[in-house]
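Worksheet: one structure, shown below.
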Amino acid sequence: MGGFKMNVRCAVALRGAALALCFALICGVTASAWAEGMADAQSEFAAFKSDEADFERYKTGIADEYAAYKAIIDEEFASYRSKILKVWGVPEVSTKKTYVGYSSDFKVKKVVDYEKGVIKVSVVVPASEKKPEKVLEGHLKDLMHQSAKGAYKADQFTAGVEKKLKKQVAPSQLEQADVGSKPIVADMVTGKLRPSDKEIDASMAGLMGTATTAVKKAPKQAGANVVTLEVKIPSTGRAVKARAYLPDVKRQAAKRGVDPALVLAVMETESAFNPMARSYVPAYGLMQIVPKSAGRDASKVVLGKDVVLSPSYLYNGRNNIAMGVAYLYILNDRYLASVKNPESRLYCVIAAYNTGAGNVARAFIGTTNIEKAAKKINSMPPEKVYKVLVRKLPHKETRDYLQRVSMRIPTYRA
1 MGGFKMNVRC AVALRGAALA LCFALICGVT ASAWAEGMAD AQSEFAAFKS DEADFERYKT
61 GIADEYAAYK AIIDEEFASY RSKILKVWGV PEVSTKKTYV GYSSDFKVKK VVDYEKGVIK
121 VSVVVPASEK KPEKVLEGHL KDLMHQSAKG AYKADQFTAG VEKKLKKQVA PSQLEQADVG
181 SKPIVADMVT GKLRPSDKEI DASMAGLMGT ATTAVKKAPK QAGANVVTLE VKIPSTGRAV
241 KARAYLPDVK RQAAKRGVDP ALVLAVMETE SAFNPMARSY VPAYGLMQIV PKSAGRDASK
301 VVLGKDVVLS PSYLYNGRNN IAMGVAYLYI LNDRYLASVK NPESRLYCVI AAYNTGAGNV
361 ARAFIGTTNI EKAAKKINSM PPEKVYKVLV RKLPHKETRD YLQRVSMRIP TYRA
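If you count the sequence shown from 1, position 148 lands on 148 in the UniProt record's numbering, and the numbers rise without skipping.
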């Protein structure tokens with residue numbers, strides 16, 4: 001819109017200068033006065049062209065930065081994977097719904113499965129170790145005291161990506177943040193949003209009451225074993241996590257006119273409230289923001305500019321929610337605004353959050369033309385729109401996603 005205004009302004013200025021010349025010739029106005037007006041118009045037009053060139057350079061710069069981002073991720077992940085393989089034989093890494101953290105020497109592995117409600121701590125120890133259970137319990141206690149910031153700092157892969165981004169991306173084009181001090185799992189176990197050290201330590205007895213242990217030979221170290229402790233998170237744990245993020249969800253949802261229940265349902269389906277969620281795409285955090293796609297759209301709304309969103313920025317729960325809600329707003333109020341029925345549009349928005357608006361259109365008309373698809377959608381009742389999406393969306397993942405989010409919304413409205 002700003003470019004349109006500048007075009008109009010420049011056109012008006014040039015036209016005004018031409019009229020001024022005619023007036024000068026008719027009325028005997030001096031040539032110098034006309035020349036001065038013409039110079040002003042030319043100056044304004046030159047400024048416009050300069051702004052336009054600056055904007056094009058900025059766009060090109062951002063595209064280059066994202067290409068560098070992808071290269072950095074590939075390089076760092078290869079290194080990270082190699083280090084894990086040397087100790088464990090299998091490269092287990094964090095996913096959307098599972099946090100996997102390693103010690104600096106990779107001999108301690110901590111896994112939190114937010115979807116299944118299970119914690120596993122595995123340690124490589126000498127086969128002669130007499131009390132491996134005590135070693136495991138100590139590492140479990142460390143995990144219970146760990147914050148999102150601590151998990152982020154201990155993650156060699158993410159730390160490597162962040163460090164290289166800071167070196168290679170211009171500061172004006174990179175957004176970073178403090179990850180925050182919310183607990184990784186202690187809130188789920190204690191039932192307290194901000195549990196004290198005393199409350200965390202007291203909860204250990206309950207956790208250990210559910211414990212099972214297993215021992216097997218280490219895959220890569222002679223004369224060593226891998227001992228694993230598994231404990232269960234209370235069934236109320238996920239609800240506690242949802243409650244921890246509710247204030248930010250409500251604040252952002254009110255700001256963008258988005259249903260908080262939709263936000264929470266999306267969050268649960270995307271990450272099961274894993275604050276350190278990460279997918280191969282890569283997508284980061286609670287609402288699985290992809291920096292290169294949804295992140296770029298959302299950053300223009302939230303930050304007012306197109307920037308590179310670093311892992312630290314998206315692992316900050318407040319930032320991640322702001323970006324996720326902004327993207328839901330963009331889908332509802334811009335990309336899919338031509339779908340008239342609110343319920344039909346809701347189903348389309350849910351699917352589009354997972355697969356993009358173009359693939360939603362494809363389910364109805366076989367092409368990615370959203371405006372044409374909207375005409376067909378508007379001719380159907382919401383129930384039929386839902387059925388078409390569940391049956392014809394290009395990817396099974398999205399078909400399942402739509403059903404899960406839709407099913408969870410009423411729970412968060414209750």
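Glycine included, C-beta positions come from ideal geometry on N, C-alpha and C. Fair warning: this is a prediction, and the values are worked out from it, not measured in the lab.
According to the Cβ coordinates, are residue i and residue j closer than 7 Å?
| i | j | result |
| --- | --- | --- |
| ASP248 | ARG318 | yes |
| GLU371 | SER338 | yes |
| GLY285 | LEU331 | no |
| GLU162 | SER299 | no |
| ALA272 | GLU115 | yes |
| ALA322 | VAL301 | no |
| TYR401 | ALA265 | no |
| ALA254 | GLN168 | no |
For residue i, name the three-state secondary structure that DSSP assigns.
| i | result |
| --- | --- |
| ASP54 | Any answer about ASP54 is weak, because its pLDDT of 49 lies below 50 and its placement is not dependable; what the coordinates show is given next. In this structure, ASP54 counts as helix in the three-state DSSP scheme. |
| ILE200 | helix |
| ASP113 | strand |
| THR98 | strand |
| VAL93 | coil |
| VAL179 | coil |
| VAL108 | strand |
| LEU393 | coil |
Pull up the distance between the alpha-carbon of residue i and that of residue j, whole angstroms please.
| i | j | result |
| --- | --- | --- |
| ASP333 | ILE200 | 44 Å |
| GLU383 | TYR347 | 10 Å |
| LYS376 | HIS395 | 21 Å |
| ASN274 | ALA239 | 12 Å |
| VAL281 | GLY117 | 25 Å |
| ASP197 | LYS109 | 22 Å |
| ALA170 | MET188 | 39 Å |
| ASN320 | VAL215 | 39 Å |
| residue 435 | LYS292 | As displayed, the chain neither begins before 1 nor continues past 414, which places residue 435 out of reach and without an answer. |
| GLN252 | ASN225 | 48 Å |
| TRP88 | THR95 | 18 Å |
| ALA205 | LYS131 | 18 Å |
message: I want to know whether the region 61-81 touches the region 154-162 - three or more CB-CB distances under 8 Å.
response: yes
message: Extract the residue ranges of the beta strand (DSSP E) inside the region 117-167, only unbroken runs of 3 or more that lie entirely within it.
response: 118-126
query: Residue ranges of each alpha helix (DSSP H) run of no fewer than 4 residues wholly in the region 181-231, ordered along the chain?
result: 186-190, 197-208
query: Counting pairs of Cβ atoms below 8 Å between the region 389-399 and the region 349-369, do you hit three or more?
result: yes
message: Count Cβ pairs between the region 300-313 and the region 207-218 that sit closer than 8 Å; are there 3 or more?
response: no
- prompt: For the region 131-149 against the region 213-231, are there 3 or more C-beta pairs whose distance is under 8 Å?
  reply: yes
Start-end ranges of the alpha helix (DSSP H) lying completely within the UniProt domain "Transglycosylase SLT" (251-367), minimum 4 residues: 260-271, 294-302, 311-315, 317-330, 342-355, 357-365
message: Does the region 146-154 come into contact with the region 178-188, if we say contact requires no fewer than three beta-carbon pairs (one atom in each stretch) closer than 8 Å?
response: yes
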